[in-house]
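Everything on this sheet refers to the single structure shown next.
Residue numbers (this note's numbering): 736 to 1059.
Structure, rendered in structure tokens:
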């Protein structure tokens, strides 16, 4: 691996860039999650058509037009939990853009809310990747695409930080309404991947811990994270999500997941669905993420997630844990 010349990814070589960014190139087809077309029932199709494609959010007795809500107050929208009575997915996609001679000098990830067509998409968030001297990945998140290359701790609205070098644990910090001291910033989500064994073809497993960002500011002691709280059994107020276990197809020798409306189109180690267990222990899918093509990824989510939490979770998938 090339020598690290500075603490940022802007100076990584092409080899470094691929090691950090994308593991799909190093894996064969049996290691990837293959998307299959989900065929909902007639009633489910009608419900999804009413809820998702019209891009409407129903909250209490008031209807909110999603497109106008985003345009009028994007900062409020991205931090607002999707109402529980809105059963359809909010359909979005992430566009990855790499610049520089080796395509590894600078990488940004832009989140768009999808509309009826390409011209209807609405910009939501953008993130810039940063590598610390200690080889920890960080993603600075902002709402201004024009200044994305200059995002840092001072001007970002949130930060996703890898808290170990192997990239299996992340904390999403809120920079908007909390103290400047990082140890006291609100931790709105944690992402925990299992340690992937080299050479294993089994899919990764992940757990998501969500703080209720609308009810309280979760401030912890210095050096503590909500992951520590979770492992100590003190995180009784956190919402726990986990990834849906893919089905193994004996004939093709691949793992498969059914994604809504054929949104995910290519096999990838990144493809996953997040579920929440209901009262009767049935699995309720609350987020879907997966590859559309080389640099576009579908991201669909609903209650209990906010846009910024869903974006942070998706960003964590761009670390190459296969080599780590």
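C-beta: ideal position from N, C-alpha, C; glycine also.
{"Item": "Span of the beta strand (DSSP E), counted from its first residue to its last, around residue 977", "Value": "974-978"}
{"Item": "Alpha carbon of residue 1013 to alpha carbon of residue 1035, nearest angstrom", "Value": "19 Å"}
{"Item": "Residues near residue 833 in its chain [Cβ-Cβ closer than 6 Å; skip 5 each side]", "Value": "842"}
{"Item": "Inter-residue CB distance, residue 904 and residue 927 (contact presumed, cutoff 8 Å)", "Value": "6 Å"}
{"Item": "Those residues which DSSP pairs with residue 904 across a bridge", "Value": "927"}
{"Item": "Neighbour-count burial assignment, residue 968, 16 or more Cβ in a 10 Å radius", "Value": "exposed"}
{"Item": "6 Å CB neighbourhood of residue 1001 in its chain, flanking five on each side removed", "Value": "1026"}
{"Item": "For residue 824, three-class secondary structure by DSSP", "Value": "coil"}
{"Item": "Beta carbon of residue 1022 nearer than 9 Å to that of residue 1040", "Value": "yes"}
{"Item": "Buried or exposed by the 16-neighbour rule on C-beta atoms within 10 Å, applied to residue 861", "Value": "buried"}
{"Item": "Member of 852, 1003 and 828 whose CA lies at the smallest distance from the CA of residue 939", "Value": "1003"}
{"Item": "Any non-hydrogen atom of the ligand MG closer than 8 Å to residue 849 Cβ", "Value": "This structure simply doesn't include the ligand MG, nor any ligand for that matter."}
{"Item": "Inter-residue Cα distance where the pair is residue 902 and residue 856", "Value": "31 Å"}
{"Item": "Sheet register partners of residue 999 (DSSP bridge)", "Value": "Bridge partners of residue 999: none, in fact."}
{"Item": "Where the alpha helix (DSSP H) containing residue 940 begins and where it ends", "Value": "Segment: none, residue 940 is in no alpha helix (DSSP H) and carries neither H nor E."}
{"Item": "Per-residue burial, residue 980 [other beta carbons within 10 Å of its own, 16 or more giving buried]", "Value": "exposed"}
{"Item": "Unbroken stretches of the beta strand (DSSP E), 3 residues or longer, contained in the segment 855-880", "Value": "857-866 and 872-877"}
{"Item": "DSSP bridge partner residues for residue 1033 (one or two, in chain order)", "Value": "828 and 1025"}
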